[in-house]
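For the sequence shown, my numbering begins at 804 and goes up steadily by one. For glycine and all other residues, C-beta sits at the position ideal for the given N, C-alpha and C. In this text, all values refer to a predicted model and were calculated from it rather than measured experimentally.
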Amino acid sequence: MHKSINASMGHAASPDGFRQITRHDGIFKEHMHDAYKAKGKLPEPAVCSQCGAVFHEGRWQWRQAPANAHGDICPACHRIHDHFPAGFLTLKGDFFRAHREEIMRLMRNHEKHERAEHPLKRIMAVEEKNGTALVTTTDIHLARGIGELLHHAYQGVLKFHYNPEQILLRVSWTH
Ligand SMILES: [Zn+2]
């Protein structure tokens, strides 16, 4: 779980365990394959001591914590604590640079919406360097969703690379 993140952020095609997949790959339909979520059954109810999300009926939700809830840490806060993202999204290109603010706003709005429904879908960090943005997420589906959203709104080139060993997704959008 704590393997080198740097290796997964490189741009090589395969030495780091990533392979290119299509936008319609079966992995996007799977659930509960996240190492941070599959740590055995949590006793319910539980409340995350970091963000207040409540584990109820088998999933993390935003709701009032019952009085008998025991303190735990949700998978999203766990990843944030470990600095171990599940999704890596790279945004680059002339179009991106020219419309950066609008694109970032669209991305943030999407995250806000997703996160309101799903406590485990969060943007961890946005790093910008030489006109390229690297966005890290707590969930592979959020990284994919942002990529799909930008591609749908502006076209450009969208690529996915997946690392099945560590269940990491790299999304690159170039425009
Ligand atoms: Zn939490």
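Using a Cβ distance threshold of 8 Å, A946 and G890 count as a contacting pair. With the rule of 3 Cβ pairs closer than 8 Å, the stretch 922–941 counts as touching the stretch 892–904.
The shortest C-alpha to C-alpha distance from I830 to any of L971, L892, S975, H978 is the one to L971.
Residue state for E860 is assigned as coil, using DSSP reduced to three classes. Rounded to whole angstroms, the Cβ separation of I906 and L953 is 6 Å, and the two are in contact under 8 Å.
Ranked by Cα distance from Y957, the first of H944, T977, P967 is T977.
Judged by DSSP in its simplified three-state form, H964 adopts strand. Distances from the alpha-carbon of D875 to those of Q864, H944, P869, S852 put S852 closest.
With 16 or more other Cβ atoms from the protein chains shown falling within 10 Å of its own Cβ, H921 counts as buried.
Straight through space, the alpha carbons of V850 and A870 are spaced by roughly 10 Å. CA-CA distance, R882 to C854, rounds to 13 Å.
Excluding residues up to 5 positions away in sequence, C851, Q853, C854, A856, F858, W863, P922, L923 lie with their Cβ nearer than 8 Å to the Cβ of C877 in the same chain. Considering only H886, G950, G948, the residue with the shortest C-alpha distance to A928 is H886. If you check the C-beta of Q853 against ligand 1, you find a heavy atom less than 7 Å away.
Distance from the CA of E968 to the CA of A879, rounded to the nearest whole angstrom, comes to 19 Å.
By the neighbour-count criterion, in which 16 or more other beta carbons inside 10 Å mark a residue as buried, P888 falls on the buried side. DSSP places H827 outside both helix and strand once states are collapsed to three, so it counts as coil.
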